[in-house]
Each structure stands twice: as structure tokens, then as C-alpha cells.
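Numbering (my numbering), first residue to last: 244 to 780. C-beta: ideal position from N, C-alpha, C; glycine also. The model shown is predicted, which means the values in this text are computed figures rather than measured ones. The structure appears right after this line, and notes come after that.
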Ligand code: SF4
């Protein structure tokens, strides 16, 4: 039986995985399926996953040889030599990538039956019991819990006490670097996996942030990938501005950007402080320009100021502003959604969004529970369908009206002319306030919105699947569900799609079991297990 590791779970090992002395080979992989189902490299997409960089830092530099493979950046990992190389395979990835983690496990075990496979990430946290069927270690907590696994599997000498991120092991594009200054979020939007996991908002201390910058080395621009950079502690914000001013003065970067929530803009001097500290860009998950939609998701922090005013204030301060838009076809009519898209793509004073996607019923979130209660989930839905570009819930309007919208989302088919016209107008209006780097960012955003494959993976243009339906439960499996090379027959099941619903639209059996187990553990020890139960709900 595999072990479950994490603050939210007990630790135990039922299999003797302790290895002998000597250097251990560690492969940390970020599993990824791409939105267009072409599954090639996406080196120009920002941000890139940083969990592998943090995880890799936990292994002793003296006693371990560590490699990182990021499928998002480099495309599918199908190198038989690399897959047969490690003593330990550490897997992470978004919820949608769970099946891909199974593929990589099957490959690695077929090549080396003794490999230890460790898995973490939101899907594993949402389905801990199901995940235990496939991996040796199932981590339910934060990245630091890899330390417990290392000690348990290899011994303490294989651990790096400082856990300095291994930026030296990844390729970087265009002088960009990524880091975190906080973890989780102080808000509770109903669709967000952080809400489902009930994680507490945590600040890093300033020394940790400084160490990350030193480890990264000098970059043109660093991007903070915190879920909410502003957070709920203004003193911490002020201290970080001070630190960033100092590090910038020392030449570690020329500018920085961050993801944050709209409450940041309620205080006018925040923007001034950020600009003085070198801020060049901000991003917020607006989700919608309609406050009624935001209230549906308990995203009230985004209703403190009109979104157009936030964008205008940022631009006035010389900061480019990016945002994402979520389209909920189960709660809104297509005509209403198209009106909002038209508004966004024609109003000259606002920036273009970074993406339009569908609302995803992420496992474990209140929004997922709501979809289950309202019987909105489509039948035969697969975990792979939860990518934001495949219909997963019953729409208000008939499918023939909805599918064209969904089909066009990944590359804005039907809207490209408007996007280009708006980009030209926008640059004409604002170019004097922006530096060359910011203009390049905006141009790259236009290209990623309209032609992501052309930019990231030109060879992928000929691989586009003509048979896509864009309706969850009816899509043919990606080519990645066919093994890239011979795998042991006992791993055939690893290439089956993980189901979310059954043929009637009810929850798949393993998710029902997951719920029953969570409920049982809650009832057995209501006080002690509350946190764990919340993470497993
Ligand atoms: S503000 Fe963003 S990170 Fe925070 S709960 Fe909402 S969606 Fe999640």
C-alpha cells in the first residue's frame, strides 16, 4: 500500500523503499496536457510551472543528481532514456494533468520497476484515495512535504535543509524569472481549487524572497506567481516594496510583475509604491466585467472598483494590466456573453485580456458541489475535459449555439480582426506611457490570443485534430493516451481516461467513494480531521 504524506494526512510507509547508499537520480516532472489538444511545446506561455523548481531544491546537491522536465515548456516527455533513468520520479501538475501523471508513471515503471513514484498537486489532493492506487507516495500538503518523502525513502542525507529553488535546472525564455512571496489566498472564490483545499494564506519571510532572487540570478524581469501578491497584510506589502526597490537598485532585475486581486487598487498609493519599486505589469483574474457574475462566484473583492477604472489607473501609473475572463455558459446566455466579449474587444481604453476560458468545475470546490447538486455536469465527463476549453456543464442555450463559442476560445476564432484592431488602437493611445519591454509583452499577448500554436509550436499546426467536438464526454482521447513506446501490460489501465461522471451524469464511482471516505473521517474525528476533510471534499 502506498504512503500518504502531508500536514493534511498521516504519514506511513507500507513498502520498504529505502535505497542503499550512493547518488540518487531524481526526475521532477511537470505533467501537462495542452489546451488545443495538439500537445507540443509551449515555451512562450507565461507563467510556467515553478513547483518543479521548488521541489528539486529539497534534494541534496551532493547526494542526488536532479533533473527537471516541464511538459508545458518542452512538450510531452517521451524520451525512453530519461524515463528509465531516475530512482525517484516526482510528479506534479494541474488537475487536468492527472491522467498524464499516470502515463508518466507507467512509462517510468515499465523502464525501471524499482522507481519510486511520488505525486502531488491539486488533483491528488482532491482524490487522495484514488491517487493512492497509482503512486508510491501521495503528497497532500505543500511542496515542503517532499522532505518527508526523501527522508522516508532514502534517508536524511539526501535532503537539502535549505531547499533553495533550482533555477539552474530549467530553461528560461526572454530573461524572465518566476518566484513566490506568498502562498494560497485570503479570499474564497467558489470555483477556485485553493478554496476547495482550504489552504491558509501564508507569507514568506523577506529573507526567503531575497534568497530566491539570489538563486535566480540577474534577469530582465521577474514575475511573482503568488496567487494573491497583495494579500491581507499591508505592512508585508510595504516591506516587499522596500525589498524590491533595494534588489532592483542592485541590478537583479529591471522590472517585475505580479498577480493580485482588485482590492489592491482601493488604495491609490499602492500603485505609486509599486511603480517606484519597478513594477511593469499587474494581472488579475477579473473573470467578468459584470458584478452580478462576480457575486455568483463570491468574488466580491473584484467589485470594489469598476474594472475599467482599475485598468485606467494602472496605465496612468505606467503599468500594463492583464486579466483573464471566465465564461459561464450554464449561468449566462450566449448573447449576454458575446455582448461582454464585444465590449472588451472594442473599448479602446482597456487592455486586451490574457485569455478567455470557460468556468471549470474543479474537483473539490464549492462550484463543483453546486454543479453536482444542480445536475449540471455532462454525462461521461473526463478529468481531461476540465481544461477550460471544453464544455463540461449543461448550458442554458442549445448546444449548436454554444459550441461555436467554445470552439473559438483558445485562439479567438471569429474575433481576431477585432483583437488586432484593438491592439493597434491601444498602442496608438498608450504607447508613450509604456517602455519597450511592456510593448513587447502586449504584442506577445496578441499573438498568444490569436495564434498560440503558430507562436509556440508551428509544427503543431498540421497536428490539429479535425474531429474535436468541444463537448466533454464526447471528445476522442488525445494522442497521448496511446503509449509512445511499449509499456508493461499491467499498466494498460494508466492510459484509460479518469472519469468525473457516469453515463447518466452522476458522479463517477471513485469520486463517490472519495466523498464517502471524507465524510467518514470527518464523523470519526470531527475536530482533528476538519482540515483534512476540507481538503478532500
Ligand atoms: S482571488 Fe484568485 S486565488 Fe484567491 S480564491 Fe479567488 S480565484 Fe482563487
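Beta-bridge partners of residue i, as assigned by DSSP
i: residue 553; result: DSSP lists no partner for residue 553.
i: residue 272; result: 312, 334
i: residue 524; result: 500, 563
i: residue 431; result: BP columns for residue 431 are empty, so no partner.
i: residue 425; result: 446
i: residue 467; result: 422, 501
i: residue 267; result: 307
i: residue 569; result: 600
i: residue 402; result: 302
i: residue 489; result: Answer by DSSP bridge pairing: none, since residue 489 is not bridged.
i: residue 530; result: 568
6 Å Cβ shell around residue i - same chain, five flanking residues per side excluded
i: residue 543; result: none
i: residue 490; result: 456
i: residue 360; result: 332, 348, 378, 379
i: residue 406; result: 300, 301
i: residue 355; result: 327
i: residue 653; result: 278, 279, 632
i: residue 628; result: 635, 715
i: residue 452; result: 424
i: residue 515; result: none
i: residue 312; result: 272, 320
i: residue 566; result: 527, 529, 596
Cβ shell of residue i (< 7 Å), same chain only, five flanking positions each side left out
i: residue 767; result: none
i: residue 577; result: 640, 644, 645, 648
i: residue 259; result: Its pLDDT being 36, under 50, residue 259 is placed unreliably in this model, and the value from its coordinates should be taken loosely. So no residue of the chain qualifies.
i: residue 518; result: 560, 561, 562
i: residue 750; result: 615, 744
i: residue 748; result: 618, 620, 621, 622
i: residue 504; result: 430, 471, 473, 527, 544, 545
i: residue 401; result: 267, 302, 303, 306, 307, 393
i: residue 339; result: 276, 626, 627, 629, 630
i: residue 694; result: 654
Neighbourhood of residue i by C-beta distance below 8 Å, restricted to the same chain and skipping five residues each side
i: residue 536; result: 530, 571, 574, 575
i: residue 475; result: 429, 444
i: residue 763; result: none
i: residue 650; result: 656, 711, 713
i: residue 734; result: 348, 349, 352, 353
i: residue 837; result: Outside the shown range of the chain (244 to 780) lies residue 837, about which nothing can therefore be said.
i: residue 468; result: 290, 293, 421, 422, 423, 502
i: residue 553; result: 505, 508, 527, 564
With 16 other Cβ atoms within 10 Å as the buried cut-off, status of residue i
i: residue 686; result: exposed
i: residue 369; result: buried
i: residue 602; result: buried
i: residue 549; result: exposed
i: residue 484; result: buried
i: residue 295; result: buried
i: residue 538; result: exposed
i: residue 336; result: buried
i: residue 626; result: buried
i: residue 569; result: buried
i: residue 319; result: buried
i: residue 404; result: exposed
i: residue 512; result: exposed
i: residue 353; result: buried
i: residue 471; result: buried
i: residue 591; result: exposed
i: residue 344; result: buried
i: residue 450; result: exposed
i: residue 390; result: buried
i: residue 436; result: buried
i: residue 397; result: buried
i: residue 611; result: buried
beta-carbon residue i near the ligand HEM non-hydrogen atom, thresh 7 Å
i: residue 480; result: Among the ligands in the structure shown, the ligand HEM does not appear; only the ligand SF4 can be found there.
Minimum Cβ-Cβ distance from residue i to chain D less than 8 Å
i: residue 499; result: Among the chains of the structure shown, chain D does not appear; only one protein chain is present.
Taking one C-beta from the stretch 411–428 and one from the stretch 278–291 each time, how about it: are there three or more such pairs within less than 8 Å?
At 8 Å Cβ cutoff, the stretches touch.
Are the stretch 636–652 and the stretch 669–683 in contact at 8 Å, needing three or more beta carbon pairs?
Two segments are said to touch when three or more pairs of C-beta atoms, one from each, lie closer than 8 Å; by this definition the stretch 636–652 does not touch the stretch 669–683.
Is it the case that the stretch 417–430 contacts the stretch 330–337, given that we only count it when at least three CB pairs across the two stretches are under 8 Å?
No, the stretch 330–337 is not in contact with the stretch 417–430.
Count the C-beta pairs between the stretch 620–628 and the stretch 743–752 that are closer than 8 Å, then say yes if the count reaches three, no if not.
Yes, since at least three Cβ pairs between the stretch 620–628 and the stretch 743–752 fall closer than 8 Å, the two stretches touch.
Could you give the uninterrupted runs of the beta strand (DSSP E) lying entirely in the stretch 575–604, keeping only those of 3 residues or more?
The qualifying runs are 598–601.
Taking one C-beta from the stretch 461–476 and one from the stretch 492–510 each time, how about it: are there three or more such pairs within less than 8 Å?
The stretch 461–476 and the stretch 492–510 touch, with no fewer than 3 CB-CB distances between them shorter than 8 Å.
Any chance the stretch 627–636 sits against the stretch 588–605, with 3 or more Cβ pairs inside 8 Å?
Contact between the stretch 627–636 and the stretch 588–605 is present, because at least three Cβ pairs lie under 8 Å.
Report yes or no: do the stretch 659–670 and the stretch 580–596 share at least 3 C-beta pairs separated by less than 8 Å?
Touching, per the Cβ criterion.
Which ranges would you report for the alpha helix (DSSP H) in the stretch 682–767 if only whole runs of at least 4 residues count?
Within the stretch 682–767, the complete alpha helix (DSSP H) runs of at least 4 residues fall at 695–699, 752–767.
Contiguous beta strand (DSSP E) assignments of at least 3 residues, all confined to the stretch 277–306
Counting only unbroken stretches of 3 or more residues, no beta strand (DSSP E) element lies wholly within the stretch 277–306.
My parser needs the beta strand (DSSP E) runs of 3 or more residues fully inside the stretch 607–662; what are they?
List check, beta strand (DSSP E) in window: nothing returned.
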